[in-house]
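If you read the sequence shown in UniProt numbering, its first letter stands for residue 1, the second for the next number, and so on.
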Amino acid sequence: MSFSHIPPSPNWYCSKVSDVNTTGLYVFGARSNVYIFKTNGGNHGPPHFVGMFTEHKDRVSSTMLGQTKENHGSCCSTSDDGFVKVWDIASKVTTKSHSEHKDKITCGSWSSLQDDLIVTGDERGNIICWQYKADICQKFKQEKEYIFSIACSPHKKFHVAVGYKSGNVLLLDITKNCRVLHKLRGHDDEIHCIVWCPVPGETIFTDGEQDEKDDAAKTGCIVATGSRDRTIKFWSSEKGRQLFQKKLPINTGYKREQREEGRNKVWLTLYWRKEKWHQLISSSHGGELILWDILPSAEKPMQLFSSTEGRGHTRVVFNICASSKDENHLYTISMDRLIGVWSLKTMSCINTLPSLGGYLYTIKSSPVDPGRLALGVGDSMIRVWNTNNKTNSFDFQSLWQGIKSKVTCLSWHPSKESWLAYGTDDGRVGIYDVFSQKPPLLSGTFHRKTVYVVAWGPPSKCTEENFSNFSLYTVGDGVILEHHPKVMSKEATNINKIIESANGKKTPGSHLIRSDISWKPDYSLVAIGNEDGSVDVYWADFKLRCVIQVHRKLINCLQWHPHITTQGGSIVSTCNSWLASGANDAMVHIVDLSDIPVDKPVTIIESMRKLEGHSIRVTGLSWSPHVDGKIASCGYDSSVIVWNVKTGTALVKFDGHQGRILSVLWSGLDPDEIISGGFDCSLHRWKISSLPKALLEFGMVFLLFLTPDTTFHHEIHPHMFDMYPPHVKSSLAATNYCQTLAAKLLC
1 MSFSHIPPSP NWYCSKVSDV NTTGLYVFGA RSNVYIFKTN GGNHGPPHFV GMFTEHKDRV
61 SSTMLGQTKE NHGSCCSTSD DGFVKVWDIA SKVTTKSHSE HKDKITCGSW SSLQDDLIVT
121 GDERGNIICW QYKADICQKF KQEKEYIFSI ACSPHKKFHV AVGYKSGNVL LLDITKNCRV
181 LHKLRGHDDE IHCIVWCPVP GETIFTDGEQ DEKDDAAKTG CIVATGSRDR TIKFWSSEKG
241 RQLFQKKLPI NTGYKREQRE EGRNKVWLTL YWRKEKWHQL ISSSHGGELI LWDILPSAEK
301 PMQLFSSTEG RGHTRVVFNI CASSKDENHL YTISMDRLIG VWSLKTMSCI NTLPSLGGYL
361 YTIKSSPVDP GRLALGVGDS MIRVWNTNNK TNSFDFQSLW QGIKSKVTCL SWHPSKESWL
421 AYGTDDGRVG IYDVFSQKPP LLSGTFHRKT VYVVAWGPPS KCTEENFSNF SLYTVGDGVI
481 LEHHPKVMSK EATNINKIIE SANGKKTPGS HLIRSDISWK PDYSLVAIGN EDGSVDVYWA
541 DFKLRCVIQV HRKLINCLQW HPHITTQGGS IVSTCNSWLA SGANDAMVHI VDLSDIPVDK
601 PVTIIESMRK LEGHSIRVTG LSWSPHVDGK IASCGYDSSV IVWNVKTGTA LVKFDGHQGR
661 ILSVLWSGLD PDEIISGGFD CSLHRWKISS LPKALLEFGM VFLLFLTPDT TFHHEIHPHM
721 FDMYPPHVKS SLAATNYCQT LAAKLLC
């Protein structure tokens, strides 16, 4: 249902957590799920999301796509939950599985010669060979060490290479009680990757100088191993000795941060080209890719892939795989949380797909440029997404300087296009100039815990001279602080003191625990949400106008209706005084403040509209900037509901997320587009028109598929039956679940 999807970051420090097959499917493990993408042939943009496999309960450690005609439609994945699962890509349902591993599975390999043989290893050195069609498992242990990588031979059906943490590599024959053919010693550290030469024989690299009587050179195979010791070694599988090696260059010519040169940041992964078997691609320091030509007569034994600013990797690469038979494109995953698409023809990065390394806490669009989105993520970074770029659909800028913890809230400055305020999980407040390379301005006043809201508004001591300056208001620790952007070192002011000063110490609500703040678009009013479910509305000078008491639990989100929508042109919207609120009581209330008295504060105990559809707390609201009276809400029930407030009906319900949703944004460019994100570390960009219609009655949302042959499987409330057209009533009557109810109502 999403036409654009930013996934969670692929899992790090895994030797084979991504894979691609000749049909163009690309998969990788992220958190406990396997994400499925279509590769688009590389030149037509980055891979696009087609689905996910969600049946693991813990971190996915490896993914393997079937490479033969018989198993092209299948994928195998391993997980820290102890399961090895073979599943159907189309249905995303497990077809075979085993849980013979009693320790965390670290890697796996699917044989290309025997299509039902899958070999896996774990952190205690156990190796399990599984023939899943017959459901036969054989368990071996040769060394009591962490297994980093496993690779089945593409030439000899039951030969397997295993790489250990110590640097040892074993060549095994798994048919004879897992007999050790050779123990390859030479590396001093972890074996990150093992690849077999795609063509058999060992004479291919000697220019015919090998003795013709040397049968081992003709019948053997070459194995390459990449290690944390920064070397690539090439071994004879028949003789069990090293043939030659390549060392990563100390300096590739690119400037990298010192920390990337540290020992702990080295990961050496490999890909051996099938068509040009004398070429091998490896990762290097700081995200570079190197093409090695291992023929003795090679004119260019080492070439660097090029990367331009914004494309390419800046941190270590964990996996490399190639798509299609002609191997035109490479796909890489990296610590920089980018999935790279590389052209082997141009030796350059041509596309990148960003990913998220934490919860997506907030999504905000710039009021000056609605096509520029800011994402606050739990991986201590802010992403700025320029959706206006037609040639690069994922034109991202990452901001990380000065940010030490999760970014929980964001707010663009109303008039300064490049100013972006943020709050973090550790209580810090800062302002970024996104068009400069400078670190952010940090406030000298911290919250003790999480900052939940940052919002721009006129200064509390407002005069005509300073009205356009704007102060930054932040919510955390149950208080609201006013920060002064021009002098961020100045101590922030507690708004409760200003409220007491403006209304008197006995003012109701001045000592409440604050949970949200939202300024009316014309800055004439400000709404403040409280822990007890009440909402206080103040004039710009913080004199109380009214108190709203329609919720029973903590207020999570407040949103004023836009002052002007594109529907009305330059005319002020008739809904401009509507205030929407969402709370822990799972309700969304809309209050119209246009007709309340202005001479003295009043208490409002009934809303204009009560929207019931969420089953648990509401966490985000976003009004349509295009059409009056439409709003999107999201919550902990993993759904986004689009409402027509004027009629009080739910229009559509989006259920594409796999976890609680924290933020929703109605696109400022497309009236049919909504963006959402949350606990599943994903961003979904979806079309309202792509979803079935929804009906709401008595607090329940139902999807209504208006087709004559629809089978309706949801619970039907008796009072709703008359709302359906005749052909749907007939369809409902035909289902066993609704037969009794339908019979009564159709009589």
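Note that beta-carbon positions come from the ideal geometry of N, C-alpha and C, so glycine has one too.
Note that the structure is predicted; figures quoted are calculated from it, not measured.
Taken in chain order, the unbroken stretches of beta strand (DSSP E) that lie wholly in the segment 95-143 and span 3 residues or more are 105-110, 117-122, 126-131, 136-141. Partner residues in a beta bridge of residue 496, as assigned by DSSP, do not exist. Remark: C-beta atoms of residue 619 and residue 661 approach each other more closely than 8 Å. Boundaries of the beta strand (DSSP E) around residue 49: 48-53. Runs of the beta strand (DSSP E) lying entirely within the segment 538-577 and spanning at least 3 residues, in chain order: 544-548, 555-560.
As for any beta strand (DSSP E) of minimum length 3 sitting wholly inside the segment 295-330, the runs are 302-304, 317-323, ordered along the chain.
The Cβ atoms of residue 170 and residue 183 sit closer than 8 Å to each other.
Pairing residue 451 with residue 409 gives a Cβ-Cβ distance under 8 Å. In summary, residue 685 is buried, with 16 or more beta-carbon neighbours lying within 10 Å of its beta-carbon over all protein chains present.
Residue environment for residue 598: exposed (fewer than 16 other C-beta atoms within 10 angstroms of its C-beta).
For residue 19, the uninterrupted beta strand (DSSP E) segment begins and ends at 18-20. Take residue 97, set aside five residues on each side of it, and the residues of its chain with a beta-carbon closer than 6 Å to its own are 83, 85, in chain order. Taking 8 Å as the cut-off, the Cβ atoms of residue 542 and residue 460 count as close. In this structure, DSSP gives residue 8 an extended state, which the three-state scheme calls strand.
Residue 544 sits buried, since 16 or more C-beta atoms from the chains shown fall within 10 Å of its C-beta. Within the model, the alpha-carbon separation for residue 163 versus residue 29 is close to 21 Å. For residue 177, the secondary structure class from DSSP, reduced to helix, strand or coil, is coil. Under a 10 Å Cβ-count criterion, residue 246 is classified as buried, with 16 or more other Cβ atoms of the shown protein chains found around its own Cβ. Straight through space, the alpha carbons of residue 481 and residue 457 are spaced by roughly 12 Å. Burial check for residue 364: the Cβ neighbour count within 10 Å reaches 16 or more, so the residue is buried. For residue 663, the uninterrupted beta strand (DSSP E) segment begins and ends at 661-666.
Pairing residue 232 with residue 135, the inter-Cα distance amounts to about 36 Å.
Excluding residues up to 5 positions away in sequence, 73 lie with their Cβ nearer than 8 Å to the Cβ of residue 90 in the same chain. Distance from the CA atom of residue 291 to the CA atom of residue 144, rounded to whole angstroms, is 35 Å. According to DSSP, residue 292 shares a beta bridge with 280, 302. Residues 36, 37, 38 of the same chain have their beta carbon placed closer than 7 Å to that of residue 50, with the five preceding and five following residues left out of the count. Here residue 151 carries a strand assignment [DSSP, helix/strand/coil]. Counting every other CB atom within 10 Å of its CB across the protein chains shown gives residue 438 a total below 16, marking it as exposed.
At a cut-off of 3 residues, the continuous stretches assigned as beta strand (DSSP E) that sit fully inside the segment 55-99 are 60-65, 74-79, 84-88, 93-98. Per DSSP, reduced to three states, the secondary structure at residue 354 is strand.
Taking 8 Å as the cut-off, the beta carbon of residue 445 is found closer than this to the beta carbon of residue 491. Residue 445 sits in coil when the DSSP states are folded into three classes, being neither helix nor strand.
Contact annotation: residue 273 and residue 327 have beta-carbon atoms nearer than 8 Å.
For residue 681, there is no enclosing beta strand (DSSP E), as DSSP marks it with neither H nor E.
About 10 Å separates the beta carbons of residue 270 and residue 227, which is beyond the 8 Å limit, so they are not a contact pair.
When the Cα atoms are used, residue 279 and residue 293 turn out to be separated by approximately 5 Å.
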